[in-house]
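In our numbering, the protein residues as written are 6 to 611.
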């Protein structure tokens, strides 16, 4: 445990090594806000137990009788002693106290405290537990919406990780009502022992109506959605604090009560009878919910559903076939549907895409559709409110689209949306982004079901032969995605642009130098306020890593070399196809293998 966090070592030991430093950062920021422990004054005169020592100071009604005699006999001496402070006073002996009264923490578990505010609850629970320990007393807690009966006993003084889990599970959709305040007031009045400090923690107003409360911590979400606004009202006045939130993956685990790394075994490798071809990279479809790999024999591909994190078993794979005389040009889909654009006998056919009619294949000067070895044409299948549109990027840099045929609005054969396009990525069910060459460099643009969407991001002074990687998924709708640009001529230098709103003036640029021999294959951005990381393939082609914040984190190693790979710009999943024809899907967000498929390799294969 780092030295600054040693004060909370006992409680941070409940958390995994990845979570403890993040939570410790919250504790460090919150602790100065609280101030020193001061037991609540009980009112009235302090209780005394007879007389004790003699003091040089005190009220004159406790002056020694001999001093009064001196005043009568030698008044000048009496006055001299008064001036120089030599009078003697009787000092009462204070009644011995059993110790400091306990600390009571009452948490608001209502709807305004769900999600991120619960992080402040966790931190305050730990801080108050240590505060009580240092004061030689106890910390007890309760839920404002669940007051005890008027004759109920004090809450138990139990400080275990189970109690912290109980706090997180105490969720309700009811805000604190007047009857809750009154019930707690009645309970406090019925206890034999009163708290030295009473903390109200949640979304209640600063003048919350609970007599005897000493501290009121109001918690609300920040305007930027990346922080919490805290306001502490206490006898010494009011204090405010903006508390930055940890990364969403850390915050999500803390709020869900997943404090430790449970050893989740990777899914058992499943055998698939159909052998997979390694001629094409795996293709993510359905917003990253499935991955498609072509079959080695025959004309077709296999769609493998990617199981969610908590799923007990994966969905069944589906085989999609097309005619032996047809050539698959592009794959795209939404949900469980896989659409295939094929070329057959001078026609373009839209397989498994209802509403799209077969059309005559455009001439090569309008649609260069011969796919290169190792990839299908980049495509995006947009759909919303009954409208469908298929975008395809051909080998000549043309971004074309076809829309499902409507009786009142027949579609053209191959309308061109844009040209000089070098990369595209579907980021939502109805939105894609693409990179386009311009005179001054590159520009990142948007397209939707109606054509070009509002907003673009110019990236000036960039050579046109860069590799472009996208990341961010749904963040692009708010113009908060990220792109990475790499150039083989520049070695291992990559430039990452992170957009935080429309326009290039709000783009953050990072330039990184990756280790020699490593190759950038994808980009990952977890949240708008998180730095994007570059996904790397190792020199031996059997390892993938994530390079972020100036260091590389090993993610996964394979038993045989990786021959094909792809990274989903929406989910951040990495799909790997190995030399032994194993298909592995690795989730960066959870650092887990989600899918592992293998098929037997023919011994006489070349």
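Virtual Cβ for every residue (Gly too), placed ideally from N, Cα, C. Just so we're clear, the structure is a prediction, and the values are computed from it rather than from any experiment.
Reference residue i; option with closest CA among the options
{"i": "residue 208", "options": "590, 120, 539 and 385", "result": "120"}
{"i": "residue 590", "options": "601, 407, 583 and 596", "result": "601"}
{"i": "residue 94", "options": "69, 150 and 77", "result": "69"}
{"i": "residue 221", "options": "538, 235 and 583", "result": "235"}
{"i": "residue 223", "options": "230, 205 and 562", "result": "205"}
{"i": "residue 147", "options": "29, 108, 27 and 138", "result": "108"}
{"i": "residue 309", "options": "505, 291 and 114", "result": "291"}
{"i": "residue 139", "options": "216, 246 and 13", "result": "13"}
{"i": "residue 362", "options": "352, 371 and 370", "result": "352"}
{"i": "residue 130", "options": "112, 116 and 141", "result": "112"}
{"i": "residue 166", "options": "136, 128 and 346", "result": "128"}
{"i": "residue 252", "options": "143, 81, 28 and 552", "result": "28"}
{"i": "residue 184", "options": "202, 151 and 170", "result": "151"}
{"i": "residue 217", "options": "230, 506 and 186", "result": "186"}
{"i": "residue 531", "options": "238, 459, 557 and 503", "result": "503"}
{"i": "residue 242", "options": "555, 476, 458 and 39", "result": "39"}
{"i": "residue 459", "options": "470, 481 and 491", "result": "481"}
{"i": "residue 548", "options": "535, 565 and 554", "result": "565"}
{"i": "residue 401", "options": "372, 202 and 385", "result": "372"}
{"i": "residue 470", "options": "149, 230, 447 and 89", "result": "447"}
{"i": "residue 385", "options": "538, 246 and 396", "result": "396"}
{"i": "residue 61", "options": "81, 228, 369 and 88", "result": "88"}
{"i": "residue 169", "options": "125, 314 and 141", "result": "125"}
Cβ pair residue i, residue j closer than 8 Å
{"i": "residue 258", "j": "residue 24", "result": "yes"}
{"i": "residue 478", "j": "residue 575", "result": "yes"}
{"i": "residue 572", "j": "residue 540", "result": "yes"}
{"i": "residue 35", "j": "residue 132", "result": "yes"}
{"i": "residue 318", "j": "residue 312", "result": "yes"}
{"i": "residue 92", "j": "residue 72", "result": "yes"}
{"i": "residue 173", "j": "residue 262", "result": "yes"}
{"i": "residue 297", "j": "residue 324", "result": "no"}
{"i": "residue 333", "j": "residue 347", "result": "yes"}
{"i": "residue 434", "j": "residue 387", "result": "yes"}
{"i": "residue 593", "j": "residue 583", "result": "no"}
{"i": "residue 276", "j": "residue 569", "result": "no"}
{"i": "residue 437", "j": "residue 428", "result": "no"}
{"i": "residue 360", "j": "residue 409", "result": "yes"}
{"i": "residue 519", "j": "residue 542", "result": "no"}
{"i": "residue 516", "j": "residue 538", "result": "no"}
{"i": "residue 198", "j": "residue 106", "result": "yes"}
{"i": "residue 406", "j": "residue 383", "result": "no"}
{"i": "residue 144", "j": "residue 171", "result": "no"}
Three-state class that DSSP yields for residue i in the structure shown
{"i": "residue 463", "result": "strand"}
{"i": "residue 259", "result": "helix"}
{"i": "residue 369", "result": "coil"}
{"i": "residue 152", "result": "coil"}
{"i": "residue 352", "result": "strand"}
{"i": "residue 326", "result": "strand"}
{"i": "residue 38", "result": "helix"}
{"i": "residue 129", "result": "helix"}
{"i": "residue 49", "result": "Note that residue 49 scores a pLDDT of 39, beneath 50, so its modelled location is shaky; the value from the coordinates is reported in the next line. Coil at residue 49, not helix or strand."}
{"i": "residue 178", "result": "coil"}
{"i": "residue 599", "result": "strand"}
{"i": "residue 83", "result": "helix"}
{"i": "residue 415", "result": "Here residue 415 scores only 37 on pLDDT, less than 50, and its place in the model should not be relied on; the value that follows carries that caveat. Residue 415: coil per DSSP, three-state reduction."}
{"i": "residue 67", "result": "helix"}
{"i": "residue 479", "result": "helix"}
{"i": "residue 299", "result": "strand"}
{"i": "residue 14", "result": "helix"}
{"i": "residue 91", "result": "coil"}
{"i": "residue 138", "result": "helix"}
{"i": "residue 222", "result": "strand"}
{"i": "residue 588", "result": "strand"}
{"i": "residue 308", "result": "strand"}
{"i": "residue 287", "result": "coil"}
{"i": "residue 594", "result": "coil"}
{"i": "residue 204", "result": "strand"}
{"i": "residue 170", "result": "helix"}
Rounded distance between the beta-carbons of residue j and residue i, thought under 8 Å
{"i": "residue 250", "j": "residue 232", "result": "6 Å"}
{"i": "residue 487", "j": "residue 499", "result": "Contact flag wrong, Cβ pair sits at about 12 Å."}
{"i": "residue 357", "j": "residue 343", "result": "6 Å"}
{"i": "residue 281", "j": "residue 546", "result": "No, residue 281 and residue 546 are not in contact; Cβ-Cβ is about 18 Å, not under 8 Å."}
{"i": "residue 331", "j": "residue 304", "result": "7 Å"}
{"i": "residue 588", "j": "residue 287", "result": "7 Å"}
Cutoff 8 Å: residue i Cβ touching any chain B Cβ
{"i": "residue 566", "result": "In summary, chain B is missing from the structure at hand, where a single protein chain is found."}
(message) Within 8 Å, do at least three Cβ pairs link the segment 441 to 453 to the segment 421 to 430?
(response) Result yes; three or more Cβ-Cβ pairs closer than 8 Å.
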